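Heads up, the sequence shown stops at 205 in our numbering, and the numbers go up one at a time, no gaps.
Glycine included, C-beta positions come from ideal geometry on N, C-alpha and C.
Just so you know, these numbers come straight off a predicted model, no measurement behind them.
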Amino acid sequence: FQKFSEQLKFVDKATSVQWDSVASDMKDLEQGFKMAEKEQSLKGADCPETLHEFVKTRKQKMSDLEQSFQLAKSSFKDCCEFYGENEKTTSPNVFFQKLAHFVTNYNKCRQENEAKTALERRQKEEQERRARVASSKSSVSSEQDQLMLELAEKVGGLGGGRRQRAKIDSTRMDHGDFEKLMN
23 FQKFSEQLKF VDKATSVQWD SVASDMKDLE QGFKMAEKEQ SLKGADCPET
73 LHEFVKTRKQ KMSDLEQSFQ LAKSSFKDCC EFYGENEKTT SPNVFFQKLA
123 HFVTNYNKCR QENEAKTALE RRQKEEQERR ARVASSKSSV SSEQDQLMLE
173 LAEKVGGLGG GRRQRAKIDS TRMDHGDFEK LMN
């Protein structure tokens with residue numbers, strides 16, 4: 023269903039077709055070809071060779087053209103019925119303009135929805151990343167708090183005026199801890 027617009031790839035070209043002029047041209051072609059056939063039959067053996075060749079070579083093409091015209095008429099009728107339109111009151115160019123407008127709007131909305139979904143996915147990933155960073159920062163800050171408490175106990179817990187300096191593990195020291203110890 024999502025790729026139905028690809029099946030309607032020529033709907034924009036169908037909007038420019040004037041069905042009345044196509045039907046009129048088809049009728050003129052049929053009448054002209056019938057006149058050529060009639061002239062050929064009236065002249066019989068005296069018929070010019072060019073007319074005879076023209077009728078002979080174009081008869082199949084006229085038949086194919088007539089079949090294509092009838093197929094187009096019946097297909098348009100079926101299409102109108104499928105979409106709930108009346109083929110007698112709706113001209114093909116108006117009908118196909120509506121259909122082309124729908125296809126254009128559908129494609130635009132589908133692109134907007136895809137962009138919205140991608141944006142939501144990126145926002146969700148960003149929130150998850152921020153949550154991971156915040157949880158890692160909180161674990162780091164809790165380690166720092168524990169270290170500070172331990173240092174405070176060692177430094178301040180010995181009482182008296184005299185402080186003993188204990189060895190501190192240098193791998194657990196952070197930026198600014200040395201200054202705090204010295205004060």
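Check V39 in the structure and name its three-state DSSP category.
Working through the sequence shown from its first residue, we reach residue 39 at position 17. Coil, per DSSP.
Could you have a look at Y105 and say whether DSSP puts it in helix, strand or coil?
Taking the sequence shown and counting its residues from 1, one reaches residue 105 at position 83. The answer is coil: DSSP assigns Y105 none of H, G, I, E or B.
In angstroms with no decimal places, state the Cα-to-Cα distance between M84 and K110.
Within the sequence shown, residue 84 is the residue found at index 62, counting from 1. Within the sequence shown, residue 110 is the residue found at index 88, counting from 1. Cα-Cα distance, rounded: 26 Å.
With DSSP collapsed to three states, give me the class of D196.
Position 174 of the sequence shown, counted from the first residue, corresponds to residue 196. Residue state, collapsed to three classes: coil.
Quick check on DSSP: helix, strand or coil for L64?
Numbered from 1 along the sequence shown, position 42 holds the residue referred to as residue 64. Looking at L64 - three-state DSSP - the assignment turns out to be helix.
Which one of F98, K138, T139 has the shortest CA to CA distance from L121?
Here residue 121 refers to the residue found at position 99 of the sequence shown. Comparing Cα positions, the closest option is F98.
Considering just the uninterrupted stretch of the alpha helix (DSSP H) at S27, what are its terminal residues?
Position 5 of the sequence shown, counted from the first residue, corresponds to residue 27. Taken as a continuous stretch (DSSP letters only), the alpha helix (DSSP H) holding S27 covers 26-29.
Taking C-beta to C-beta, are L30 and V125 nearer than 8 Å?
The residue labelled residue 30 in the question sits at position 8 within the sequence shown. The residue labelled residue 125 in the question sits at position 103 within the sequence shown. Result yes, Cβ atoms of L30 and V125 sit closer than 8 Å.
Can you round the beta-carbon distance between Q62 and H74 to whole angstroms, since I take them to be within the 8 Å contact cut?
Position 40 of the sequence shown, counted from the first residue, corresponds to residue 62. Position 52 of the sequence shown, counted from the first residue, corresponds to residue 74. At roughly 6 Å, the Cβ-Cβ gap stays under 8 Å, so Q62 and H74 are in contact.
Please report how far the alpha carbon of D167 lies from the alpha carbon of V155, in whole angstroms.
For the purposes of this step, residue 167 is taken as the residue at position 145 of the sequence shown. For the purposes of this step, residue 155 is taken as the residue at position 133 of the sequence shown. Going by the C-alpha atoms only, they are around 18 Å apart.
Is the Cβ of N127 closer than 8 Å to any Cβ of chain B?
Among the protein chains of the structure shown there is no chain B, as only one such chain exists.
Secondary structure at C131, three-state DSSP: helix, strand or coil?
The sequence position of residue 131 within the sequence shown is 109, counting from 1. Three-state result, C131: helix.
Does the distance from the CB of Q92 to the CB of T37 come in under 8 Å?
Residue mapping note: residue 92 aligns to position 70 of the sequence shown, counting from 1. Residue mapping note: residue 37 aligns to position 15 of the sequence shown, counting from 1. No, they are not a contact pair.
Do you know offhand how far V44's Cα is from L87's?
Start at 1 with the first residue of the sequence shown, and residue 44 comes out as number 22. Start at 1 with the first residue of the sequence shown, and residue 87 comes out as number 65. Distance between the alpha carbons of V44 and L87 is about 12 Å.
Does the beta-carbon distance from S27 to Y105 come in below 8 Å?
Taking the first residue of the sequence shown as position 1, residue 27 is located at position 5. Taking the first residue of the sequence shown as position 1, residue 105 is located at position 83. No, they are not a contact pair.
So, using beta-carbon positions, are L171 and R194 closer together than 8 Å?
Position 149 of the sequence shown holds residue 171. Position 172 of the sequence shown holds residue 194. Not a contact, by the Cβ cut-off of 8 Å.
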